[in-house]
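*Asks:* Pasting a structure below so you can have a look.
2 protein chains.
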Amino acid sequence: MSIVVQKFGGTSVADAEKIARAARRAIKAKLDGHQVVMVVSAMGKTTDHLVALAREVNPSPPKREMDMLLTTGEQVSISLMAMAISAAGHEAISFTGGQVGMITDASHTKARIRSIDAARIHHELEAGHVVIVAGFQGVTEQGAITTLGRGGSDTTAVALAAALKAGMCEVYTDVDGVYTTDPRIVPEARKMNFISYDEMLELASLGAGVMHSRSIEFGKKYNVPIHVRSSLTDTDGTMIVAETPDMEQIVVRGVTLKRDLARVLLMGVPNKPGVAGDIFARVAEHNIVVDDIIQNIYERGGLANIGFTTTLGDLDEAKGICEKLAREIGIRSVEVDSNVAKVSIVGIGMKAHTGVASRMFKALADGQVNIQNISTSEIVISCIVDQNDGEKALRLLHNAFELDRG
Amino acid sequence: MSIVVQKFGGTSVADAEKIARAARRAIKAKLDGHQVVMVVSAMGKTTDHLVALAREVNPSPPKREMDMLLTTGEQVSISLMAMAISAAGHEAISFTGGQVGMITDASHTKARIRSIDAARIHHELEAGHVVIVAGFQGVTEQGAITTLGRGGSDTTAVALAAALKAGMCEVYTDVDGVYTTDPRIVPEARKMNFISYDEMLELASLGAGVMHSRSIEFGKKYNVPIHVRSSLTDTDGTMIVAETPDMEQIVVRGVTLKRDLARVLLMGVPNKPGVAGDIFARVAEHNIVVDDIIQNIYERGGLANIGFTTTLGDLDEAKGICEKLAREIGIRSVEVDSNVAKVSIVGIGMKAHTGVASRMFKALADGQVNIQNISTSEIVISCIVDQNDGEKALRLLHNAFELDRG
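Heads up: the protein sequence lines correspond to chains A and B, in order.
Start counting the first sequence at 1; every next residue gets the next number (our numbering).
Start counting the second sequence at 1; every next residue gets the next number (our numbering).
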């Protein structure tokens, strides 16, 4: 009998009716002959409410106590889910992270899973119970309650699926799968049937979320098939699976647009060893997120231009840091552009195909989109463009790589 | 260094301001040289809110899952309390019942404490931390989360005080102590400085609450001094302590009035062995609470009158049961009176003094209050009176036993 792990996010358990709907889905899987483990998040806005309550009491609450507080949200959800399954005439049992031996390190608010005691869950599954586990939480070896940070419930679900050797980890969400691009911008965007872990990881880091990258890394490491699907319909969603040679036939799997970026350029930087290191060390010290580093463009006379893109929110601070540094080490000028975006193409097929980059650049050029900067990795090519050209660029690329065709 | 356990009920932690006030009280005790353990209840109406949520999902939720749900209320309070103490510059650490080894039996929703692991708390106290423990909750040996039922947080506090050999268990509440009687009815009512466990137990069972009887039984068993006091003032409250010979000098410690009672009388009951047993077994089967049993009054011809008092809310059902029984075993008639109350006097001094009962009856008679029924135990005498005479009877007795004098 195969085990299926079903994960329901906050919007999928936001009220009694939605909880009942999720319960019916678990019962259906059980009646279909599976052993069912559910992982649930806190209901709707519960976590926001608890965070607000904490701030009222203490503007910078100790992290251990934040974990103690926030984990109550999932504990409420699991007990209500067990009640809902019981109300429908089936047997269920709920467990906190600690109760199923979800052991983590002691990094409160962003703990990492160390081990899971699968025996307890197997025992309950064999007794015919639907097992409901609180997402997002664990305990240290010493018994302190921890949380896994952003995307924590996804991580719980995939880690449990790995530990239980489940046949499938189903992630129920408010979209019906992973799309070739954002359908709000490109109406021809198509839901993918399959995507590889690596492609999904790149999409996640390019902001085309659905799932947090940590959970996908877990899935990749333990080869857990993940099915991202809608909690509202029975339609198949997108399977996230290990790469197969077949999958390389598709050159580009998806295209993304990252908006609200800004570019900082340091012009006329002395071309001496260690200068670039100094610049980025200084930026990192202030927790400025560097999106892409812009390659050096050597000018005559030994001066270089070095820059980076960052989020618009970090721009003012980044500019200040760079201007201070410019005075200290004699950089000619600091130029900023608060009006840039990044379009990217993602696909493991790039590894096996040539001419992908030139096809991308030609598509943008044909559409009169000026490329300001290029960065690449093994399965991604990104171009910085003017913010106003962003959506057009996305449509051009979606079309050029024929992503609207099945 | 002596340990003090401070218990704060739901109204004393109802919002951020009240939590901060409770935190200051714990800090003061620490600065006064004590090691401080706090036991806190769920904030204000949290438990009611959670119960309503459960009923939405399942009209009769499994008890195990109710415990899973309700214990989140206290977990929220302990984390916020730790944050509040931290905000005031002191070190605190919060623990769930399970984390401090509050081991109970598996009777979900009304579990009984089996053992407490004091070592963990001592360790934190010695490190200089204020230790905050979730009231009302424990875990079974197998790790299932349980609750202690009504008055559970009081029980947690007194049990912890016993396990830690604390010098004092302070119970903070919205009244400033235990009174000789209800001050809303008798303005001369006086706060007592001392009361014995046994007297307090009788007051609790007569509805003059403040604390639940289970916690007082715990205090009595382990001889934990309990200080019931106001969370709003610094005035001393009432100490609940072991009986001393001195305390017997006071004949009557307090007087109580229990309203909204009803009386059911079965007239002309065949005087055969086992009939009384049948009557009360039938009543108990329907979960009718019998307040007092009214003694048999034998008539000529071998017939008896048997009756009992119950709450007004149970009267209709009780009447129906008794009328059915009357037809079955040939009882002449069932008479009900929905308009009775019970006045009681409580005091360990009764054990050493004579004439207490007659003094009570004379006081009522002098005040034109008719006594319908009398029941007694070692330290209590109760009279059933007409509901309309209840408050007058209470004033007469408070005056007759000079309870307004210090």
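Ideal placement from N, C-alpha and C gives every residue a C-beta, glycine not left out.
Computed from a predicted structure; not experimentally measured.
Between Ile250/B and the rest of its own chain, which residues show a CB-CB distance below 6 Å, the 5 nearest in sequence each way excluded?
*Replies:* Same-chain partners within the cutoff: Gly349.
*Asks:* Classify Ser79/B as buried or exposed, calling it buried when 16 or more other Cβ atoms lie within 10 Å of its own Cβ.
*Replies:* Counting Cβ neighbours within 10 Å, Ser79/B comes out buried, since at least 16 surround it.
*Asks:* With distance defined between alpha-carbon atoms, name the residue in His34/A, Glu328/A, Arg114/A nearest to Ile3/A.
*Replies:* Closest by alpha carbon: His34/A.
*Asks:* Identify the contact partners of Pro61/B in chain A, using a Cβ-Cβ distance below 9 Å as the criterion.
*Replies:* Near Pro61/B (Cβ distances below 9 Å), the residues of chain A are Ser79, Leu80, Ala82, Met83, Ser86, Ala87.
*Asks:* Quick one: list the residues of chain A neighbouring Gln137/B, beta-carbon separation under 7 Å, in chain order.
*Replies:* Near Gln137/B there are no residues of chain A at all, since even the closest Cβ is about 12 Å away, more than 7 Å.
*Asks:* Can you have a look at Ala242/B and say buried or exposed, based on whether 16 or more other CB atoms are within 10 angstroms of its CB?
*Replies:* By the neighbour-count rule (16 or more Cβ atoms within 10 Å), Ala242/B is not buried but exposed.
*Asks:* Measuring only the C-alpha atoms, how far is Ile371/B from Met200/B?
*Replies:* Going from the Cα of Ile371/B to the Cα of Met200/B covers about 25 Å.
*Asks:* Applying the 10 Å Cβ sphere with the 16-neighbour rule, what's the burial state of Gln387/A?
*Replies:* Classification of Gln387/A: buried, given that the 10 Å Cβ count is 16 or more.
*Asks:* By how many angstroms is the C-alpha of Asn223/B removed from the C-alpha of Ile216/B?
*Replies:* Rounded to the nearest angstrom, the two C-alpha atoms are 10 Å apart.
*Asks:* Reducing DSSP to helix, strand and coil, say where Val76/B ends up.
*Replies:* In the structure shown, Val76/B sits in a helix (DSSP, three-state: H, G or I).
*Asks:* Following the continuous beta strand (DSSP E) through Asn305/B, name the residue where it begins and the one where it ends.
*Replies:* 303-311 is the span of the beta strand (DSSP E), which, as asked, contains Asn305/B.
*Asks:* Tell me where the alpha helix (DSSP H) around Asn399/A begins and ends.
*Replies:* Here the alpha helix (DSSP H) through Asn399/A covers 390-400.
*Asks:* Are the C-beta of Ser94/B and some C-beta of chain A separated by less than 9 Å?
*Replies:* Cβ-Cβ to chain A under 9 Å: yes for Ser94/B.
*Asks:* Under DSSP, the alpha helix (DSSP H) around Val336/A begins and ends at which residues?
*Replies:* Counting along the chain, Val336/A falls outside any alpha helix (DSSP H), though it belongs to the beta strand (DSSP E) covering 333-346.
*Asks:* According to DSSP, what are the bridge partners of Phe95/B?
*Replies:* Phe95/B is bridged to Val133/B.
*Asks:* Alpha carbon to alpha carbon, how far is Gly330/A from His270/A? Give it in angstroms, no decimals.
*Replies:* Residue 270/A is actually Pro in this sequence, not His. C-alpha separation (whole angstroms): 7 Å.
*Asks:* Taking DSSP as the reference, what is the three-state secondary structure of Arg359/B?
*Replies:* Arg359/B: helix per DSSP, three-state reduction.
*Asks:* Taking 9 Å as the CB-CB cut-off, is Gln99/B touching chain A?
*Replies:* Answer yes: the Cβ-Cβ gap between Gln99/B and chain A drops below 9 Å somewhere.
*Asks:* Distance cutoff 9 Å, beta carbons only. Does Ala54/B sit that close to anything in chain A?
*Replies:* Closer than 9 Å to some Cβ of chain A, the Cβ of Ala54/B qualifies, so yes.
*Asks:* Is DSSP giving Met267/B helix, strand or coil here?
*Replies:* It is a strand residue.
*Asks:* What residue does the alpha helix (DSSP H) around Tyr172/B start on, and which one ends it?
*Replies:* Taken as a continuous stretch (DSSP letters only), Tyr172/B belongs to no alpha helix (DSSP H), being part of the beta strand (DSSP E) at 168-173.
*Asks:* So, helix, strand or coil for Met211/A, using DSSP?
*Replies:* Coil.
*Asks:* Thinking just about the alpha-carbon of each residue, which of Arg55/B, Arg282/B, Leu160/B, Thr71/B is nearest to the one in Val147/B?
*Replies:* Checking the sequence, you will find Thr at residue 147/B rather than Val. With distances taken between Cα atoms, Thr147/B lies closest to Thr71/B.
*Asks:* Identify which residue in Val100/B, Val57/B, His90/B has its Cα closest to the Cα of Ala82/A.
*Replies:* Minimum Cα distance to Ala82/A is reached at Val57/B.
*Asks:* Using 9 Å as the threshold, is the C-beta distance between Val228/A and Met211/A below it?
*Replies:* Taking 9 Å as the Cβ cut-off, Val228/A and Met211/A qualify as a contacting pair.
*Asks:* I'd like the span of the beta strand (DSSP E) that includes Val100/A, first residue to last.
*Replies:* Neither: Val100/A is in no beta strand (DSSP E) and is coded neither H nor E.
*Asks:* With 16 as the cutoff for other CB atoms within 10 Å, does His398/A come out buried or exposed?
*Replies:* Looking at its Cβ environment, which holds 16 or more other Cβ atoms inside 10 Å, His398/A is buried.
*Asks:* Please identify the residue among Cys383/A, Phe218/A, Glu202/A, Val290/A whose C-alpha is closest to the C-alpha of Ala254/A.
*Replies:* Correcting the residue type first, residue 254/A is Gly in the shown sequence and not Ala. Residue Glu202/A is the option with its Cα nearest to Gly254/A.
*Asks:* Run through chain A and tell me which residues come within less than 7 Å of Gly143/B, C-beta to C-beta.
*Replies:* Gln99, listed in chain order.
*Asks:* Which residues of the region 310-321 of chain B have a Cβ closer than 8 Å to any Cβ of chain A? Give them in chain order.
*Replies:* Going along the region 310-321 of chain B in chain order, one finds no residue with a Cβ nearer than 8 Å to chain A.
*Asks:* For Lys191/B, does the three-state DSSP call read helix, strand or coil?
*Replies:* Strand.
*Asks:* Report whether the distance from the Cβ of Asp117/B to the nearest heavy atom of the ligand MN is below 8 Å.
*Replies:* The ligand MN is not part of the structure shown, which contains no ligands of any sort.
*Asks:* Applying the criterion that 16 or more other CB atoms from any shown protein chain within 10 Å of the CB defines a buried residue, is Leu31/A buried or exposed?
*Replies:* Looking at its Cβ environment, which holds fewer than 16 other Cβ atoms inside 10 Å, Leu31/A is exposed.
*Asks:* How far does the beta strand (DSSP E) with Met239/A in it reach, from first residue to last?
*Replies:* Element bounds for Met239/A: 238-241.
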